[in-house]
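Peer 1:
Protein chains: 2
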Amino acid sequence: MEYRFARRMKHAPKSFLEELFRVSRDPEIISFAGGLPASDLIDVKGISRAAGDVLEEGGREALQYSTTDGYLPLREYIASRYRKRYNIPADASEIQIVNGSQQCLDLAAKIFLDPGDGIGIERPGYLGAAEAFSLYEPEFYPVSLGGDGPDIEEFSAMIRDFSPKFFYGIPNSQNPSGVSYSSDTRKAVAECLDDSDTVFYEDDAFGELFFDGKPRSPVKKHLFRQTIMSGSFSKIISPGLRIGWLFAPAGILKEFNVAKQAADLHSNFLSQKILSRYLERTDIDSNLRAICRRYGDNCRLMCDLLDDLFPSPMSHTHPQGGMFMMATLPPKMSSMKVFSEGIKEKVAVLPGIPFYVNGGGEDTIRLNFSSAGQDQIREGLERLSTVIRRLV
Amino acid sequence: MEYRFARRMKHAPKSFLEELFRVSRDPEIISFAGGLPASDLIDVKGISRAAGDVLEEGGREALQYSTTDGYLPLREYIASRYRKRYNIPADASEIQIVNGSQQCLDLAAKIFLDPGDGIGIERPGYLGAAEAFSLYEPEFYPVSLGGDGPDIEEFSAMIRDFSPKFFYGIPNSQNPSGVSYSSDTRKAVAECLDDSDTVFYEDDAFGELFFDGKPRSPVKKHLFRQTIMSGSFSKIISPGLRIGWLFAPAGILKEFNVAKQAADLHSNFLSQKILSRYLERTDIDSNLRAICRRYGDNCRLMCDLLDDLFPSPMSHTHPQGGMFMMATLPPKMSSMKVFSEGIKEKVAVLPGIPFYVNGGGEDTIRLNFSSAGQDQIREGLERLSTVIRRLV
C-alpha cells in the first residue's frame with residue numbers, strides 16, 4: 000500500500016531541534032545550540048514538596064480527568080501576576096492552560112489560518128513558531144528585526160499590503176536574536192495595528208528574564224483587545240512540567256478552547272496542581288533574581304569573549320535578558336560549516352538559517368548562554384574561535 | 000476590529016463534553032453521562048511513591064526538556080506489553096508518546112487529511128474523534144455498527160467507493176456502544192483493507208478492560224503495516240497524567256513525530272518518568288483484575304435494571320468490557336428531552352446524537368457504568384425510569 004499524507008506535511012521544514020537535543024547529550028560537547036534553562040537553578044526540592052503534598056492531600060482528584068480551560072487557582076495566579084507585574088487588567092477567564100507555550104503556536108495557527116493566509120513574523124524569527132505555523136500552509140511575511148525591534152516602516156507597509164491574520168513577535172529578549180523591542184517600537188507596533196484586522200501574537204516566554212529584573216510594558220497594554228499573549232513556566236520554573244498559557248480576549252479564547260479540547264482534552268492536571276501549590280508558597284521572585292543574575296553574568300562573559308577572541312569583522316547582539324544571542328560570522332563564512340567543524344572540536348552552535356523562513360541568514364549563528372557554566376563558556380568559545388579562525 | 004478565524008472553526012461541532020464535566024460535578028446528580036474511570040481504583044499510593052522516588056533520584060532531569068518521541072523505558076514497556084499480550088511484534092521505535100490518546104486523534108488527522116478527504120467511522124462513532132477530525136474539514140463516511148462490529152458489506156463498499164484516508168474504529172468495547180468486533184469481523188475488516196490504500200486507525204482505549212480479562216486479537220495483527228493503533232494509560236492507571244501513545248509503522252510514525260514536535264515539543268516528562276517507575280514495580284494486572292471485576296459487575300447490574308425497570312420496547316447493548324453501553328429509547332422519544340428532564344430528577348445521561356456524525360441517533364442514550372457505585376446505579380436508574388415512563 001501507499002501512505003497518502005496530507006499536503007501540509009510537505010511544508011514541514013526539516014527540523015533541527017531534535018538533532019540538537021541529541022547532540023547536546025554527548026557529554027564531551029559544550030553546547031550553545033540548545034535552549035535549556037540552567038538545570039541547577041530548577042527548585043527540585045520545592046517542586047518535590049509540592050508534588051508530595053498534592054498527591055497526599057488530593058491525589059485522587061489530581062489523577063482524574065479535568066476541564067479543558069485548566070486549573071482555576073493556577074489561572075488566577077497567572078492573571079494576578081499580569082496585574083501586578085504589568086499593571087494590565089487580566090482575569091482568570093482570559094487564561095487558557097496549555098502544554099508549554101509551543102502548544103499556543105499550534106492552536107493559534109489552527110484557529111486563525113486557512114491555507115494561503117498571511118502571517119507576519121520577525122526576520123530572523125523563532126524556529127519553533129515557523130515549524131508549528133508551516134503545517135497550516137500559510138504565507139510568511141518576514142519583517143527585518145533591528146536592535147530596537149521590527150523595522151516600523153517595513154512593518155507598517157506589510158500590514159497594509161498583506162493584512163496577515165496575525166503578526167507573531169517576541170518583544171522581550173527574542174529567540175534567536177536576544178533583541179528586545181524599545182518602548183517606542185512597542186507603541187509604534189500597536190499604533191500600526193490599531194486600525195487593522197491583524198492580531199498581535201505576543202510570545203512572552205522571556206519577559207521575566209531581564210537581567211536588570213525590571214518588567215517591560217507588553218504590546219498588549221497598548222492593544223488590549225487585539226493581542227494574544229503566550230507565557231510559560233518552562234523558563235522560570237521547569238520545562239518538564241510542560242505548562243504554559245494563552246492570555247487572550249474572550250472572543251478569541253473561546254475558539255482557542257475548542258481547538259485545545261479537540262487537541263488533547265486538557266493539560267496534565269497533576270502538573271497544574273503541583274505548580275499551583277508550588278506558587279502558593281514560594282517566593283519565585285527570589286529564584287528569578289538568581290536566574291537573571293546567572294544569565295546576565297553568562298551573557299556578559301560571552302559578549303566579552305566574542306569581542307576578545309574572535310576575528311574583528313564578527314559582530315553580535317547585546318541582549319538585555321533571555322537565553323540567546325546571535326552572532327554574525329565573518330563575510331561569506333558558512334554557519335553550516337561552522338556547525339559541522341564545531342562538532343569535531345566538541346562545541347555546538349546553531350546555524351541561523353532555519354530562523355529565516357524565506358531564506359537567508361547563512362552567516363549567522365545562535366548562541367545559548369543559559370545552560371553552560373562560565374568555565375564551559377570560556378572553553379567552548381575558545382574552541383569556537385579556533386574553528387572560526389581556521390575557516391577565515 | 001473583526002476577528003478572522005479559519006474556515007475550519009465553523010466545522011467544530013458544538014461540544015457536549017465540557018458541559019458534561021460541569022454537570023457531573025453537581026454532587027446531587029447521579030451521572031451516567033461522563034467517562035471517568037472509577038476514582039477509588041486509581042492507585043494513588045503507588046503513583047505517589049513512584050513520584051517521590053523519581054523526584055528524589057532524578058528530579059533535575061525529570062523537570063527538564065526532553066525528546067519528542069518520549070521516554071525510552073516507557074516506550075519499551077508499552078512495546079513489550081503488546082508482544083506479551085497480543086503476541087504481535089512491537090518495538091519501542093514504533094511507539095510515540097502523546098498526551099492521552101485524544102492527541103493521537105488530532106495528530107493523525109493532521110498528518111493524513113487535506114480538506115475534503117474522506118474518513119470512515121463507525122455509526123455511532125466516538126464523539127471525541129469526530130470533534131478532533133472535524134477541524135481538518137474531512138468528509139465522513141459512517142458505517143453501521145452492529146452487535147459484531149461494522150456491517151462488512153457496507154464497510155467494503157464504502158472503502159471501494161470512497162477510498163478514505165483512514166477508517167477510525169474502536170474494536171474493543173467501543174465508545175459509545177460498548178460493542179466489540181467479533182473475531183470474524185476483525186479478519187473481514189483487515190481483508191477488505193488489504194488491497195486498498197486506506198489505513199486502519201485502531202483506537203484501543205479499552206482493550207485491557209474486558210470483564211473476562213482475556214485479550215482480543217487486534218486488527219493490527221492481521222494488517223500490521225497498514226494499521227495505526229492508539230493506547231492510553233488514562234483508563235488503566237490515571238487520566239490526570241495525560242499519557243497515551245501511538246503504535247505505528249515507521250513510515251507513518253516519522254510524520255506523526257514531526258506533527259507532535261510542532262504541536263508541543265514533547266509530552267510531560269515528569270509524568271512519563273513517574274509512570275515508567277510505577278510500571279517497573281507494580282503488578283498492574285492485579286489492579287486491572289479489580290477494575291474489570293468492578294466494571295463487569297456494574298455493567299451486569301445496569302443491564303438487569305434496564306431490563307426490569309424500563310418500558311419493554313427499550314433495548315440496550317450487552318458490552319463485554321469497557322465503560323459504556325448504549326440504550327435505545329421507546330419509539331419517537333427524544334434523548335434531548337430525556338437529558339433535560341433527567342437533570343431535573345438529578346440523573347444525567349448522554350444523548351446519542353453527537354455520536355452520529357451525519358445526523359440520527361435521536362432515540363439513543365449513552366450510559367457510563369465505570370464511575371458510579373452500585374447503589375448509585377440502582378438509584379440513578381430508578382430516577383431515569385421515572386423520567387422515561389413519564390415521557391412514554
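These protein sequence lines are chains A and B, in that order. If you read the first sequence in numbering that gives the first Met the number 0, its first letter stands for residue 0, the second for the next number, and so on. If you read the second sequence in numbering that gives the first Met the number 0, its first letter stands for residue 0, the second for the next number, and so on. Beta carbons are placed, not taken as given, at the ideal position from N, Cα and C, and that holds for glycine. Because the structure is a prediction, the values reported are computed rather than measured.
#1: So, B:Phe31 versus B:Asn297, is the Cβ gap smaller than 8 Å?
#2: Which of the three DSSP states is assigned to B:Leu314 in this structure?
#3: Is A:Thr184 helix, strand or coil when you go by DSSP?
#4: Taking CB distances under 8 Å as the criterion, tell me whether A:Gly358 reaches chain B.
#5: Rounded to the nearest angstrom, what separates B:Asp147 and A:Lys164 at their Cα positions?
#6: Anything in chain B within Cβ reach of A:Val386, meaning under 7 Å, just list it in chain order.
#7: Of all the options B:Tyr277, B:Ser172, B:Glu136, B:Leu73, which has the alpha carbon lying nearest to the alpha carbon of B:Ala365?
#8: Of all the CB atoms in chain B, is at least one closer than 8 Å to the CB of A:Met0?
#9: Determine whether the beta carbon atoms of B:Thr67 and B:Lys253 lie at a separation below 8 Å.
#10: Can a CB atom of chain A be found closer than 8 Å to the CB of B:Ile46?
#11: Cβ closer than 7 Å: which chain A residues qualify as neighbours of B:Leu73?
#12: Using beta carbons (cut-off 8 Å, strictly below), is B:Leu240 in contact with chain C?
#13: Flag this pair as yes or no: are the beta carbons of B:Pro175 and B:Gly351 separated by less than 8 Å?
#14: Per DSSP, which residues does A:Arg365 bridge with? Please list them.
#15: Considering only residues of the same chain and omitting the five flanking positions on each side of B:Ser181, which have a CB-CB separation below 7 Å?
#16: Counting only Cβ-Cβ distances shorter than 8 Å, please list the residues of the segment 81-99 of chain B near chain A, keeping chain order.
#17: Quick check on DSSP: helix, strand or coil for A:Glu138?
#18: Name the chain B residues whose beta carbon is nearer than 8 Å to that of A:Asn367?
#19: Hey, does B:Gly168 have any beta-carbon neighbour from chain A nearer than 8 Å?
#20: What do you get for A:His317, buried or exposed, if any count of 16 or more other CB atoms within 10 angstroms of its CB means buried?
#21: Cβ atoms of B:Arg74 and B:Ile46: under 8 Å apart, would you say?
#22: Return the CA-CA distance between A:Leu184 and A:Tyr167, expressed in angstroms with no decimal places.
#23: Going along chain A in order, which residues have a C-beta closer than 9 Å to the C-beta of B:Arg377?
#24: Would you please verify whether the beta carbon of B:Gly51 is less than 8 Å from any beta carbon of chain A?
#25: Just confirm the distance between the C-beta atoms of A:Ile283 and A:Ile236, as a whole number of angstroms; I'd bet it's less than 8 Å.
#26: Among all the DSSP beta bridges, which residues are the ones paired with A:Gln95?
#27: Contact defined as beta carbons within less than 8 Å: I believe A:Phe354 pairs with A:Gly124. What is the distance between those atoms, to the nearest angstrom?
#28: Which of helix, strand or coil does DSSP assign to A:Arg122?
#29: Rounding to the nearest angstrom, what Cα-Cα distance links B:Asn357 and B:Ile41 in this structure?
#30: Is it buried or exposed for A:Met335, if we count other Cβ within 10 angstroms and need 16 for buried?
#31: Less than 8 Å between C-beta atoms, sequence neighbours within five positions excluded: which residues of the same chain meet that for B:Gln373?
#32: Please list, in chain order, the chain A residues whose beta carbon lies closer than 7 Å to that of B:Met228.
#33: Quick one: which residues of the segment 209-234 of chain A get their C-beta closer than 8 Å to a C-beta of chain B? List them in chain order.
#34: Please give the ranges of any beta strand (DSSP E) in the segment 147-174 of chain A, keeping only runs that are unbroken, at least 3 residues long and fully inside the region.
#35: DSSP state of B:Glu201, grouped into three classes?
#36: So, helix, strand or coil for B:Leu62, using DSSP?
Peer 2: Taking the geometry as given:
#1: No, the Cβ-Cβ distance between B:Phe31 and B:Asn297 is not below 8 Å.
#2: According to the sequence displayed, residue 314 of chain B carries Ser and not Leu. In the three-state reduction of the DSSP assignment, B:Ser314 falls in the strand class.
#3: Note: A:Thr184 maps to helix in three-state DSSP.
#4: Output row for A:Gly358: interface = no.
#5: Here the alpha carbon of B:Asp147 sits roughly 48 Å from the alpha carbon of A:Lys164.
#6: Against A:Val386, chain B offers no close residue; the least beta-carbon distance is about 26 Å (beta-carbon pairs closer than 7 Å).
#7: Before going further, note that residue 365 of chain B is Arg rather than Ala in the sequence given. Checking every option, the nearest Cα to that of B:Arg365 belongs to B:Ser172.
#8: Yes, contact with chain B.
#9: No Cβ-Cβ contact shorter than 8 Å links B:Thr67 with B:Lys253.
#10: Among the CB atoms of chain A, one or more fall inside 8 Å of the CB of B:Ile46.
#11: Within chain A, no residue comes near B:Leu73; the closest Cβ sits about 14 Å away, beyond 7 Å.
#12: Considering every chain present, this structure includes no chain C. Its protein chains are A and B.
#13: Between B:Pro175 and B:Gly351, the C-beta gap is smaller than 8 Å, which places the two residues in contact.
#14: BP columns for A:Arg365 point to A:Met325, A:Leu349.
#15: The beta carbon of B:Ser181 sits closer than 7 Å to the beta carbons of Asp147, Gly148 from its chain, once the five residues preceding and following it are set aside; these are given in chain order.
#16: Considering only beta carbons, the part of the segment 81-99 of chain B lying closer than 8 Å to chain A consists of Val97, Asn98, Gly99, in chain order.
#17: In the structure shown, A:Glu138 falls within a strand segment according to DSSP collapsed to helix, strand and coil.
#18: Simply none; closest approach about 12 Å.
#19: Judged by the 8 Å Cβ criterion, B:Gly168 is not in contact with chain A.
#20: The residue is exposed, with fewer than 16 neighbouring Cβ atoms inside 10 Å.
#21: In this structure, B:Ile46 sits away from B:Arg74, with a CB-CB distance that is not shorter than 8 Å.
#22: In the sequence on display, residue 184 of chain A carries Thr and not Leu. For A:Thr184 and A:Tyr167, the distance between alpha carbons rounds to 15 Å.
#23: The premise fails here: B:Arg377 is roughly 24 Å from chain A at the closest Cβ pair, so nothing lies under 9 Å.
#24: Output row for B:Gly51: interface = yes.
#25: Contact between A:Ile283 and A:Ile236 holds, since their C-beta atoms are separated by about 7 Å, short of 8 Å.
#26: In DSSP, A:Gln95 forms a bridge with A:Leu245.
#27: Right, the Cβ-Cβ distance comes to about 6 Å (below 8 Å), so this counts as a contact.
#28: Residue state, collapsed to three classes: strand.
#29: Rounded to whole angstroms, the separation of the alpha carbons of B:Ile41 and B:Asn357 is 37 Å.
#30: Exposed is the call here.
#31: Same-chain partners within the cutoff: Asp296, Asn297, Leu300.
#32: The contacting residues do not exist; B:Met228 stays about 16 Å from chain A at best.
#33: In summary, the residues of the segment 209-234 of chain A whose CB is separated from some CB of chain B by less than 8 Å are Arg224, Gln225, Ser233, in the order they occur in the chain.
#34: Whole beta strand (DSSP E) segments, 3+ residues: 165-168.
#35: Shown here, B:Glu201 sits in a strand according to DSSP, grouped into three states.
#36: Reduced to three states, the DSSP call for B:Leu62 is coil.
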